[in-house]
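J.: Under the working numbering, the sequence shown has 1666 at position 210, and the numbering climbs by one with no breaks. Glycine included, C-beta positions come from ideal geometry on N, C-alpha and C.
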Amino acid sequence: MVVQGVTVDENAMTDAAADLPTDGGPRDRAPERRCIATGQSGSPDGMIRFVVAPGGEVVADMDGRLPGRGAWVTARADLLEQAIRRKAFPRAFKAPVKAGEDLIGTVERLLTARCLEYLGLGRRAGAVVAGYEKVRAWLDAGTVGAVSLASDAGDVAVSRMGALKGVPVVALLTRDEMGRALGRENAVNVAIAEGRLAKRFLAEAGRLAGFRDAPYPVDRVSAGLRENG
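(1) In terms of DSSP beta bridges, what is ILE1540 paired with?
(2) Measuring CB atoms only, is the region 1602-1614 touching the region 1645-1661, in the sense that at least three cross pairs come out at less than 8 Å?
(3) With DSSP collapsed to three states, give me the class of VAL1563.
(4) Does the region 1651-1668 come close enough to the region 1590-1597 to have 3 or more Cβ pairs within less than 8 Å?
(5) Checking contacts by CB at 8 Å: is PHE1657 closer than that to chain D?
(6) Would the region 1544-1559 and the region 1568-1588 be scored as touching if the rule is three or more Cβ pairs under 8 Å?
(7) Under 8 Å Cβ to Cβ from GLY1512, same chain only, skipping five residues before and after it: list those, please.
(8) Between the region 1556-1571 and the region 1587-1594, are three or more C-beta pairs nearer than 8 Å?
(9) Within 10 angstroms of its Cβ, does PRO1487 collect 16 or more other Cβ (buried), or is it exposed?
(10) Determine the burial state of PRO1523: buried for a count of at least 16 other Cβ atoms within 10 Å of its Cβ, exposed for fewer.
(11) Rounded to the nearest angstrom, how far is the Cβ of GLY1502 from that of ARG1663, given a contact under 8 Å?
(12) What is the residue span of the beta strand (DSSP E) that ASP1517 lies within?
(13) Closer than 8 Å by C-beta to ARG1668: which residues in its own chain qualify, once you throw out the five before and the five after it? Chain order, please.
(14) At the level of alpha carbons, what is the spacing between GLU1641 and ASP1479?
(15) May I ask you to list the residues that DSSP assigns as paired with ARG1489?
(16) What is the rounded straight-line gap between the Cα of LEU1638 and the Cα of GLY1576?
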């Protein structure tokens, strides 16, 4: 799945990025943040905050709560790569900070873990079910806030879930990943009950979508994330 984004003129951004502000720390609750890769402002829900560790290395602050000043990047692998390559972090922090060699991969793993954690929490709270028949029953009852379809599901599962109407479908996690989160061998179809948990899962999946491509199109994946994230 490809998350739509703006086309960035990197040459035009060279001077503009030099004076991009950081935030004032975790207590700074500004409604919008400025991406240091594009220079554009937007909701922090669709961005990732980065802070500087004591050793001078840039680290991801997934919850936006770590102390110190932070710099924000729109949640897309290509824009994070651009920020690293064009040395936007040292300019933003006005210090010779370093971005680790696997920062992009680390962010993807952290986002994946957060999505899976929500599924695990939902299972323990009775707010998540797995298996087509159980998912179908919840859908028929109108109690589903989101569906997570395995990114390596077969054609039959894709056609079943792709035909859903009015339910956001996320296709970013593998069957093995979801299975481990739910304490079973694998999971292809997973439903999350309507409510706060589903909204949080969709918001996190919206960020993960900038780092993982679904191998096949599923209707309303992007629309669902935009509407519910």
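T.: For this structure:
(1) As far as DSSP is concerned, ILE1540 takes part in no beta bridge.
(2) The region 1602-1614 is in contact with the region 1645-1661.
(3) It is helical.
(4) Contact fails: fewer than three Cβ-Cβ distances are below 8 Å.
(5) Protein chains in the displayed structure number just one, and chain D is not present.
(6) Verdict: no, contact absent.
(7) Correct list, in chain order: ALA1551, PRO1552, VAL1553 and LYS1554.
(8) The answer is no - the region 1587-1594 does not touch the region 1556-1571, with fewer than three Cβ pairs under 8 Å.
(9) PRO1487 counts as exposed, since fewer than 16 other beta carbons sit within 10 angstroms of its beta carbon.
(10) PRO1523 counts as exposed, since fewer than 16 other C-beta atoms from the protein chains shown sit within 10 angstroms of its C-beta.
(11) So it is a contact: roughly 7 Å between Cβ atoms.
(12) Element bounds for ASP1517: 1513-1517.
(13) Once the five neighbours on either side are set aside, the close Cβ partners of ARG1668 are MET1457, GLU1564, THR1568, SER1607 and LEU1628.
(14) If you draw a straight line from the Cα of GLU1641 to the Cα of ASP1479, it is about 43 Å long.
(15) In the DSSP assignment, ARG1489 is bridged to GLY1498.
(16) The straight-line gap from Cα to Cα measures roughly 6 Å.
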